[in-house]
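Novice:
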Amino acid sequence: MNRTAAELAGFLGGRLTGSGDVRIGSVSELDTAGDGDLTYAEPRFVDRIAGCRASCVLVGTDTEPSLLTGRTSIGVPNPKAAFARAARWLMPPPVPPPGVHPTAIIGDGVDLGHRVHVGAYTVIDDGVRVGNNTAIHSGCYIAGGCQIGSDCTIHANTVLYAGVEIGDRVVLHAGVVLGSDGFGYVREDDGYVQFPQLGKIRLEDDVDVGANSTLDRGSLGRTLVEQGAKIDNLVHVAHNVRIGKRTVIAAQTGVSGSCDIGSDAVIAGQVGIADHVRIDDGAIVGAQCGIPSGKRVRAGKVFWGTPARPLDDIKVQQAHISRLPKMAAELASLRAEVDRLREAVGRSEDPPA
Amino acid sequence: MNRTAAELAGFLGGRLTGSGDVRIGSVSELDTAGDGDLTYAEPRFVDRIAGCRASCVLVGTDTEPSLLTGRTSIGVPNPKAAFARAARWLMPPPVPPPGVHPTAIIGDGVDLGHRVHVGAYTVIDDGVRVGNNTAIHSGCYIAGGCQIGSDCTIHANTVLYAGVEIGDRVVLHAGVVLGSDGFGYVREDDGYVQFPQLGKIRLEDDVDVGANSTLDRGSLGRTLVEQGAKIDNLVHVAHNVRIGKRTVIAAQTGVSGSCDIGSDAVIAGQVGIADHVRIDDGAIVGAQCGIPSGKRVRAGKVFWGTPARPLDDIKVQQAHISRLPKMAAELASLRAEVDRLREAVGRSEDPPA
Amino acid sequence: MNRTAAELAGFLGGRLTGSGDVRIGSVSELDTAGDGDLTYAEPRFVDRIAGCRASCVLVGTDTEPSLLTGRTSIGVPNPKAAFARAARWLMPPPVPPPGVHPTAIIGDGVDLGHRVHVGAYTVIDDGVRVGNNTAIHSGCYIAGGCQIGSDCTIHANTVLYAGVEIGDRVVLHAGVVLGSDGFGYVREDDGYVQFPQLGKIRLEDDVDVGANSTLDRGSLGRTLVEQGAKIDNLVHVAHNVRIGKRTVIAAQTGVSGSCDIGSDAVIAGQVGIADHVRIDDGAIVGAQCGIPSGKRVRAGKVFWGTPARPLDDIKVQQAHISRLPKMAAELASLRAEVDRLREAVGRSEDPPA
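So, in structure tokens, the structure goes:
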């Protein structure tokens, strides 16, 4: 939608500089923006503002005024976050039309809120509850007894097993599977018996889950993803895991059974977390880390490597390892000198002829 | 379903202690169990039995009787396995009603056994055979000529390419893909020609496959998952692989083309197995291992790391590496002493004035 | 289909030796081929030709004639590539019948080319364009405005978000997700704001994508997979990535946001590529590599390890590390000698009594 810079400044609560009448209809990067675009300049990039052709730039409130001369800008405390909010305001994601597609199959006792969208060929089994404004796209399967909050978006071909609970404003991307059996087997002589996978799984408000990620239900307990956690594509979360509030997990990371991950943690991509690991609030775990079974990861240091250790320790060790060729040379040189010394000492120890 | 402890002891073939009349309807963990619950105590946790409030506890046959005074317990050789079997008996997984949903599309010459369930919007192409009691949930696509055994559960939105064969009691979780093309290309000047991916894929009886895992068909030969193997979520199995009986593969592991994995092997999560690797019966491969092309992994030692080696060797090497700072200090100290010695020897070698 | 060796030699432009009348209807491996089969022998395996029972063998043009006596063979420059092309000619993949299944839902303004196949329960939203001979199998969801070229195969249960563009002869295996949101969030005091994910995604001609892989759209820019690139199963490609022409990416590799991967690169399985990495044309990245944020990988050397380095450097370092036990022993021996020397020198320095 088309807005003026003044309207945008009002929406963002920012300080307008320059003309408030310029019209803005789209968003772009600082370097590629053109007429009609909004963009943003983080403090480290303010020197690029001069060459920018956007109609309006979001800048930090302490940006040097001379950099903004002759253009329209809006000063805000966090230009990138303001840009993200402005983009959603200017170009809201398309809202699928409310209504249940005639091909959708709705079971007995299903309670759909107001303005719910259910796409074609989606199947919602008995007893499911769906909150207001939630969209469930085509080809999804929502098994019996699931509880889905308001303002959620469930993209196409997603599967929720029976009894899954998700809060408000949850986004599930295409192909997500929630509530599948945990991977637990007990060995007996002739093979394996499956350990009971009868537990629950709950995603709290504002959780996002990326495409084709899989989150298992609890075995006897519960899998829980707390408010605001963000999970990328192809992530695996096993049974009985807790993921704390606002914790971010990048693509292809795997979390094994019974792990406890705190709030505001950052887990990079392809991390492997063995069972019963405890990750503290605010901890940072680097990409491809491997955290062994039962370990605890504390906040305050970046962890890295397999087995995961503080990155600083690894750097020190790497420095030692990279000095190995020098150490080997020094060792050889010492050996030669010691041999010479022994010879010399031997001579000097010889009784004078 | 509600059972008495005596009935349960009968089902498990265990030795009842205490009242056989207590009624049991559900299962729980040792620490959280309450009235009406069955739980179990592995030998290492018998000291927790005293505080347990379950109506009945499964214990090892050699549990000290005094620990069981005043409560109902059942002695069995393997309490955890007995618990798993009891749970399935007390709380059997819901059986979807037999019958083909009117929206399911069933091709020509499809042979459905007795009491088969086919969910809404599932498509079964020509010539598919499905055994008795098998459930194929909503939104699946079973291409032409697939052979599916009895008592299988195929969860929603699973895809079987043409000609896939699966045995009895196989469980495929949601989003599984079986029989996709292997990843084989031949370079020619102007790009790649796909190597023929015309082979077969067979899963034998009692195989489980986790959500969104993908198993490719053979190129010219066959991909084979043998009886009782268990595969977790988001696992990749390439063309022409054999996975032996009762082998367990945890989440996000990838098995490249033409690997041969024996029986009763345990492959942890996020392991990468390059092409033509041979893993012996009973071998154990630790999480995030990388096994290079053509290698053989023997049983008897835990393998770990990239490239994978016996864990004990890695520990020895790690110990050496962690002594590097001390080695560097010792080297410096030797250097200083050798310099002093050389000086001293030089002096002592000087002809006396 | 059944062909004579002479016809096959004509198709391949190869040189026929032996009888041109033998009939060939199928393909097989050198060691398992039998009557009616075509096979191939790469130069390193020519010694196995003698024992081969195939009706016709594709061999290199410079194969020693005596090895081919008494059998039908066709000499070609690249036997494996010729075999791949011959296999497709002899056993063309089944072409699904043209036509839109009555249960498929086709939106307004959808433009379907000639001989397009649309499977059961596939949903194609408004404004989608599909080229000639393209097959879209069952259960797919093609959101509004997607552009799909000619001769594509889109396997079952694949999802294309709005506006995805794919060229000609593209193959998407089952469960692929194209155009999902990139994983970008901006931290604000009370949680995260999603960075706009409004960009595009384009796959050029001849791209293959394996089962359950996920490729995100650009955030503001574009995700681009260039002509002839081949992507295996369960691969993750984030927003704003470029993958160059004919580049090959094996299973479970993850490519983070804004990476630029050149042409003819080879990326093995389970590689992790952090954001803003640049990989040069023709570079080779070994399995499970981890490439840190912002790094550049050059061609000419195989890269390996985490952080990724030239494999030769890693081998040198590994050799140093494996000599650590010897270094420790040498250090101890030097220490003992130096101690003895110091003692000896001390004595020799003592003024003679």
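Chains as they are written, first to last, in our numbering: chain A, 1 to 353; chain B, 1001 to 1353; chain C, 2001 to 2353.
Cβ atoms here follow ideal geometry from the backbone N, Cα and C, with glycine treated the same way.
Throw me the rounded Cβ distance for the glycine 2163 (chain C) and cysteine 2146 (chain C) pair, which I believe falls under 8 Å.
Specialist: With 8 Å as the limit, glycine 2163 (chain C) and cysteine 2146 (chain C) qualify as a contact, their Cβ atoms being about 6 Å apart.
Novice: Could you list which residues in chain B have their beta carbon closer than 8 Å to that of proline 2310 (chain C), in chain order?
Specialist: Going along chain B, no residue has its Cβ under 8 Å from proline 2310 (chain C), so there is no contact; the nearest lies around 16 Å.
Novice: Please report the Cβ distance between aspartate 2280 (chain C) and valine 2297 (chain C), rounded to the nearest whole angstrom; I am assuming they are in contact, meaning their Cβ atoms lie under 8 Å.
Specialist: The pair is a contact, with the Cβ atoms about 6 Å apart (cut-off 8 Å).
Novice: Should histidine 1114 (chain B) be labelled buried (16 or more other beta-carbon atoms within 10 Å of its own) or exposed?
Specialist: Exposed: under 16 other Cβ atoms inside 10 Å.
Novice: Does the beta carbon of lysine 1990 (chain C) sit closer than 8 Å to a beta carbon anywhere in chain B?
Specialist: Outside the shown range of chain C, which is 2001 to 2353, sits residue 1990 (chain C), and nothing can be said about it.
Novice: So aspartate 1181 (chain B) contacts chain C; which residues on that side make the cut at Cβ distance below 7 Å?
Specialist: Under the 7 Å cutoff, chain C gives His2173.
Novice: Taking only the alpha-carbon atoms, compute the straight-line gap between asparagine 157 (chain A) and glycine 2272 (chain C) and give it to the nearest angstrom.
Specialist: Taking the straight line joining both Cα atoms gives about 27 Å.
Novice: Kindly indicate if chain B contains any beta-carbon less than 8 Å away from that of alanine 2353 (chain C).
Specialist: With a pLDDT of only 48 at alanine 2353 (chain C), under the threshold of 50, the placement of this residue in the model should not be trusted; the figure read from the coordinates follows. Not closer than 8 Å to any Cβ of chain B, the Cβ of alanine 2353 (chain C) fails to qualify, so no.
Novice: For the beta strand (DSSP E) that glutamate 1188 (chain B) lies in, which residues bound it at each end?
Specialist: Start and end: 1185 to 1188.
Novice: May I have the straight-line CA-CA distance separating asparagine 1133 (chain B) from isoleucine 1024 (chain B), to the nearest angstrom?
Specialist: Taking the straight line joining both Cα atoms gives about 28 Å.
Novice: So, is lysine 2245 (chain C) buried or exposed, given that buried needs 16 or more other C-beta atoms within 10 angstroms?
Specialist: Per the 10 Å Cβ criterion, buried.
Novice: How would you label threonine 1061 (chain B), buried or exposed, when you count the other beta carbons within 10 angstroms and need 16 or more for buried?
Specialist: Threonine 1061 (chain B) is exposed by the Cβ-count criterion.
Novice: Using DSSP with H/G/I as helix, E/B as strand and the rest coil, what is proline 292 (chain A)?
Specialist: Three-state result, proline 292 (chain A): coil.
Novice: What residues are listed by DSSP as bridge partners for leucine 160 (chain A)?
Specialist: Partner(s): A:Ile142, A:Leu178.
Novice: Under 8 Å, Cβ to Cβ, is there at least one residue of chain B near arginine 2044 (chain C)?
Specialist: Taking Cβ atoms only, chain B never reaches closer than 8 Å to arginine 2044 (chain C), which makes this a no.
Novice: Using the DSSP secondary-structure output, state which residues sit across from alanine 2194 (chain C) in a beta bridge.
Specialist: Rather than alanine, the amino acid found at residue 2194 (chain C) in this sequence is glutamine. C:Tyr2185, per the DSSP bridge assignment.
Novice: What in chain C is Cβ-close to asparagine 240 (chain A), meaning under 7 Å?
Specialist: Chain C residues near asparagine 240 (chain A): none, gap ~24 Å exceeds 7 Å.
Novice: Please list the partners that histidine 2236 (chain C) has in chain A, where partner means a Cβ-to-Cβ separation under 7 Å.
Specialist: The contacting residues are Asn233, Leu234, Ala251, Gln252.
Novice: Excluding the 5 residues flanking glycine 2070 (chain C) on each side, which residues of the same chain have their C-beta closer than 8 Å to its C-beta?
Specialist: Around glycine 2070 (chain C): Gly2018.
Novice: Can you give me the C-alpha to C-alpha distance between isoleucine 2354 (chain C) and valine 1193 (chain B), rounded to a whole angstrom?
Specialist: Nothing about residue 2354 (chain C) can be reported from this structure: the residues present for chain C run from 2001 to 2353 only.
Novice: Are the CB atoms of leucine 215 (chain A) and leucine 178 (chain A) within a distance shorter than 8 Å?
Specialist: Against a cut-off of 8 Å, the Cβ pair of leucine 215 (chain A) and leucine 178 (chain A) comes out as a contact.
Novice: Which bits of chain C does arginine 296 (chain A) rub up against, with CB to CB less than 7 Å?
Specialist: Residues of chain C passing the Cβ test: none, with the nearest at roughly 23 Å.
Novice: Determine the chain A residues that contact isoleucine 2321 (chain C) at a beta-carbon separation under 9 Å, and present them in chain order.
Specialist: In chain order: Ile321, Leu324.
Novice: Pick from A:Gly218, A:Val225, A:Leu198: whose alpha carbon is nearest that of valine 171 (chain A)?
Specialist: Looking at the Cα atoms, A:Val225 is the closest of the given residues.
Novice: If contact is defined by three or more beta carbon pairs under 8 Å, each pair taking one atom from either stretch, is the region 22 to 42 of chain A in contact with the region 52 to 59 of chain A?
Specialist: The region 52 to 59 of chain A is in contact with the region 22 to 42 of chain A.
Novice: Counting only Cβ pairs nearer than 8 Å, list the residues of chain C close to valine 958 (chain B).
Specialist: Outside the shown range of chain B (1001 to 1353) lies residue 958 (chain B), about which nothing can therefore be said.
Novice: By the 8 Å beta-carbon criterion, what residues does the region 1200 to 1222 of chain B contribute toward chain A?
Specialist: Under the 8 Å Cβ criterion, the region 1200 to 1222 of chain B contributes Asp1206, Asp1208, Gly1210, Ala1211, Asn1212.
Novice: Contact criterion: CB-CB distance below 8 Å. Does alanine 2005 (chain C) meet it with respect to chain A?
Specialist: Chain A contact via Cβ: absent.
Novice: When we look at the beta-carbon of glycine 300 (chain A) and count the other beta-carbons within 10 Å, is it buried (16 or more) or exposed?
Specialist: Exposed, by the Cβ-count rule.
Novice: Would you decide whether alanine 2265 (chain C) is buried or exposed? Buried here means 16 or more other CB atoms lie within 10 Å of its CB.
Specialist: By the 10 Å Cβ count, alanine 2265 (chain C) comes out buried.
Novice: In the DSSP assignment, find the alpha helix (DSSP H) that holds arginine 2169 (chain C) and state where it starts and stops.
Specialist: It is not in any alpha helix (DSSP H) - arginine 2169 (chain C) carries neither H nor E in the DSSP assignment.
Novice: Using the beta-carbon of each residue, which ones in chain C are nearer than 8 Å to serine 1147 (chain B)?
Specialist: Note on residue identity: the sequence assigns glutamine, not serine, to residue 1147 (chain B). Under the 8 Å cutoff, chain C gives no residues; its nearest Cβ is about 18 Å from glutamine 1147 (chain B).
Novice: Suppose the cutoff is 6 Å on Cβ atoms and the five residues either side in sequence are ignored; what does the same chain contact list for alanine 251 (chain A) look like?
Specialist: So the qualifying residues of the chain are Asp232, Asn233, Leu234, Gly269.
Novice: At 8 Å on the CB atoms, spell out the chain B contacts of arginine 2169 (chain C), in chain order.
Specialist: Neighbours of arginine 2169 (chain C) on chain B: none; closest Cβ ~11 Å, over 8 Å.
Novice: Taking only beta-carbon positions, decide if threonine 982 (chain B) is within less than 8 Å of chain C.
Specialist: Nothing can be reported for residue 982 (chain B), as the shown portion of chain B is limited to 1001 through 1353.
Novice: Counting beta carbon pairs with one atom in the region 2125 to 2139 of chain C and one in the region 99 to 112 of chain A, are three or more of them shorter than 8 Å?
Specialist: Contact fails: fewer than three Cβ-Cβ distances are below 8 Å.
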